[in-house]
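Visitor:
Protein chains: 2
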Amino acid sequence: MSAAERRVALARAALTVVDRDGVHAATTRAIVAEAQMPLGSFHYAVPSRDELLRDVVELVVADEGDAALAGLLGEAVDPRDAIRRTLTAYLDHVRAQPGREQAMFELTQYALRSPELDDLPAEQYARYHALAAEVLTAAETHLGIRWTVPVAELARLVVTITDGVTLAWLADRDDAAAERTIDLATAALAPFAASA
Amino acid sequence: MSAAERRVALARAALTVVDRDGVHAATTRAIVAEAQMPLGSFHYAVPSRDELLRDVVELVVADEGDAALAGLLGEAVDPRDAIRRTLTAYLDHVRAQPGREQAMFELTQYALRSPELDDLPAEQYARYHALAAEVLTAAETHLGIRWTVPVAELARLVVTITDGVTLAWLADRDDAAAERTIDLATAALAPFAASA
DNA sequence: GCGCGTCTGGGACACTTGTCCAACTTCGGG
DNA sequence: CCCGAAGTTGGACAAGTGTCCCAGACGCGC
Numbered sequence: 001m002s003a004a005e006r007r008v009a010l011a012r013a014a015l016t017v018v019d020r021d022g023v024h025a026a027t028t029r030a031i032v033a034e035a036q037m038p039l040g041s042f043h044y045a046v047p048s049r050d051e052l053l054r055d056v057v058e059l060v061v062a063d064e065g066d067a068a069l070a071g072l073l074g075e076a077v078d079p080r081d082a083i084r085r086t087l088t089a090y091l092d093h094v095r096a097q098p099g100r101e102q103a104m105f106e107l108t109q110y111a112l113r114s115p116e117l118d119d120l121p122a123e124q125y126a127r128y129h130a131l132a133a134e135v136l137t138a139a140e141t142h143l144g145i146r147w148t149v150p151v152a153e154l155a156r157l158v159v160t161i162t163d164g165v166t167l168a169w170l171a172d173r174d175d176a177a178a179e180r181t182i183d184l185a186t187a188a189l190a191p192f193a194a195s196a
Numbered sequence: 001m002s003a004a005e006r007r008v009a010l011a012r013a014a015l016t017v018v019d020r021d022g023v024h025a026a027t028t029r030a031i032v033a034e035a036q037m038p039l040g041s042f043h044y045a046v047p048s049r050d051e052l053l054r055d056v057v058e059l060v061v062a063d064e065g066d067a068a069l070a071g072l073l074g075e076a077v078d079p080r081d082a083i084r085r086t087l088t089a090y091l092d093h094v095r096a097q098p099g100r101e102q103a104m105f106e107l108t109q110y111a112l113r114s115p116e117l118d119d120l121p122a123e124q125y126a127r128y129h130a131l132a133a134e135v136l137t138a139a140e141t142h143l144g145i146r147w148t149v150p151v152a153e154l155a156r157l158v159v160t161i162t163d164g165v166t167l168a169w170l171a172d173r174d175d176a177a178a179e180r181t182i183d184l185a186t187a188a189l190a191p192f193a194a195s196a
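Have a look at this one:
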C-alpha cells in the first residue's frame, strides 16, 4: 500500500471519526484505529494532523456537492414546488446524516481558528455558493423561468437559509418546525422567479 | 472572595478565552490565567470544566439578547426599512465581535457532542426564537403593521437568516456580499408585513 | 484569645496528545 | 543473489490535560 493510498484512507477514516465523535475526538490514534493501521503509519503517510484535516474538508465539500445536485429532481414545474422540494431534500439529507453535517460546521470553525488552515473556509463557502448558483441556473432553463435578481446573490441567500435551517435543526431536532421554516422560506423566495 | 463570585469571574474569563482563542483553547489553566487565579481555585469554585461551560453558554445567550434588543431603533416607519436596519445592526454586531459570534457556534456544537451538555442547544435556540418573536411583535405595534404569517414561524426564519449570514461572513469576511444578502433577505421578508 | 469553617494555592497524579525515531520487513532491478 | 529504496511498526518522548489533595491562611462568632 503506497503512501498516497494510505493518505486517502486516513482522510476517509478521519471523516468517519469526526462524523461519529466530533473534531476534538479526531486524534491521530483514533484515526489510525478507525483505519486499522498502526500509529506509525500516520506520519509516514501525512506530515501532520492539520494537513490531513485539510484533506477531510475537501472530502466533505465534495460529498456535499454530490448531495446538493442529487436533490435536483425535475418533477416539479411550479417554481414554488421546485424550491420547496430542493430545500426539503437538503433537510432530509441533514436528518439522514446529522453527524456529517455537524462535522462540516465543526471543521469550518476549527479551520478558522487554526493559522495553517484559516484560508480553507473562504474557499469552502465559495464552492458552496458556486454550487447553489449552478443549481439555480439549471432551474432557470429546466422550469422555463428567470430569476429577477442576480443568481450569485440569490445563491448566497439560499446557502444562508440551508445553513441556518441546519443549525437550528441540529440544536433542537424539531422536524415540524424545520419544515415550517422551509415552507416560509419557499414563500419568501418564490416571488424572485418570473416566467421567461 | 466567595466561591460564587469566583464562579462568575471564571465564567467571564472563560468567555474571554473562547472569544480570543476558541473552545479548544479554553483549558482550566488558560481560564484561571485569564482570571488571574491559581489553578487550585478552579475546582474549588466549580465542580468541573463542563459545568463552567454551561455557565458560559448562558452568559453568551444573555449578551446576544441584549445586542438584539439594542438594535431595535425606532427610526424607520417603513417595515422594509425596519427589517434591513435590524439585520444590518446584527451584522455590525458580528463584525465588531467576530470571535464572540464564532464562540457561540463553537459552544453550541461542543455542547451537542458532550453528553452532559447536549440539552443546552435546544434551550439556547428556544431563547433565540423567543427573542426574535419578541422583536417582531414589538415591531407590529411600533410600525402599525401586522405579520401575515405566525410570528413564531417568522421568528424562526429570521434566526435562520441571521445565523446563515453570520456563518458565511465568518468564513469569507465579505462585507459587501453579506450586505447584498441582507438586502435580498429584506426584499424576501417585507411582503409578510401588512398594514394593520 | 480561640476554634472552626471558609477560602487559598502550590504541587502532584494519571492520562492523553502530536510527533518522531530506529529497527524491521518487503520487493524489484541489476 | 543482493542491495537499496520503499514501506511498516512498536515504542518512546515531551508537552499538555482535567482533576484532586493537603498544608496553610484568613476571618468571625464565642
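Protein chains in written order, with UniProt numbering: chain A, 1 to 196; chain B, 1 to 196. Just so it is clear, CB atoms sit at the ideal spot from N, CA and C, and this is done for glycine as well.
1) Taking B/Trp169 as the reference, give the member of B/Asp81, B/Gln124, B/Thr88 and B/Ala4 with the closest Cα.
2) Starting from A/Ala187, follow the alpha helix (DSSP H) in both directions and report where the run begins and ends.
3) Could you name the residues that DSSP lists as bridge partners for A/Trp147?
4) Can you tell me whether A/Thr141 is buried or exposed, with buried defined as 16 or more other CB within 10 angstroms of its CB?
5) Work out the CA separation of B/Glu179 and A/Ser114 for me, nearest whole Å.
6) Just confirm the distance between the C-beta atoms of B/Ala126 and A/Asp172, as a whole number of angstroms; I'd bet it's less than 8 Å.
7) Do you know how far the Cα of A/Leu52 is from the Cα of A/Gly40?
8) Classify A/Gly144 as buried or exposed, calling it buried when 16 or more other Cβ atoms lie within 10 Å of its own Cβ.
9) Using the Cα positions of A/Arg49 and B/Ser195, report the straight-line distance between them to the nearest angstrom.
10) Shorter than 7 Å from the beta carbon of A/Leu157 to some beta carbon of chain B?
11) Below 6 Å CB to CB, which residues in the same chain sit around A/Arg85 once its five sequence neighbours on both sides are set aside?
12) Please list, in chain order, the residues of the stretch 74-95 of chain A that have any C-beta partner in chain B closer than 7 Å.
13) Do you know how far the Cα of A/Pro98 is from the Cα of B/Leu189?
14) Taking only three categories from DSSP, how would you classify B/Asp19?
15) For B/Ala185, which residues in chain A fall below 7 Å Cβ to Cβ?
16) Mark A/Tyr44 as exposed unless 16 or more other C-beta atoms lie within 10 angstroms of its C-beta, in which case mark it buried.
17) Is there a Cβ from chain B that is less than 7 Å from the Cβ of A/Ala190?
18) Determine the direct distance from the alpha carbon of A/Val46 to that of A/Asp55, and round the result to whole angstroms.
19) Go to A/Val37, then tell me how far its alpha helix (DSSP H) extends in each direction, as first and last residue.
20) Return the residue from the list A/Ile161, A/Ala3 and A/Glu5 that minimises the CA-CA distance to A/Tyr90.
21) Indicate whether B/Ala155 and B/Ala132 have their beta-carbon atoms separated by less than 7 Å.
22) Can you tell which of B/Val94, B/His129, B/Asp19 and B/Asp78 has its C-alpha closest to the C-alpha of B/Leu59?
23) Could you pull out every residue in the same chain whose Cβ sits closer than 7 Å to the Cβ of B/Arg80, ignoring the five residues on either side in sequence?
24) Under 7 Å, Cβ to Cβ, is there at least one residue of chain B near A/Thr160?
25) Do you know how far the Cα of B/Val61 is from the Cα of B/Ala4?
26) By Cβ distance, which residues of its chain are closer than 6 Å to B/Val57, with the 5 residues on each side in sequence left out?
Guide: Quick look at the numbers:
1) The shortest C-alpha separation from B/Trp169 is found at B/Thr88.
2) Asp175 to Leu189
3) A/Ala193
4) exposed
5) 27 Å
6) 7 Å between Cβ atoms; contact.
7) 15 Å
8) exposed
9) 57 Å
10) yes
11) Ala76
12) none
13) 28 Å
14) helix
15) Leu157
16) Burial is judged here by how many other beta carbons sit within 10 angstroms of a residue's own beta carbon; A/Tyr44 has fewer than 16 and is exposed.
17) Interface residue (Cβ-Cβ distance to chain B less than 7 Å): A/Ala190 is not classified as such.
18) Distance between A/Asp55 and A/Val46, taken at the CA atoms: about 10 Å.
19) According to the sequence provided, residue 37 of chain A is Met. The question's Val does not apply to it. Counting along the chain, A/Met37 falls outside any alpha helix (DSSP H), and DSSP gives it neither H nor E.
20) A/Ile161
21) yes
22) B/Asp19
23) Hits under 7 Å: Thr186 and Ala190.
24) yes
25) 20 Å
26) Cβ within range, chain order: Leu107 and Leu120.
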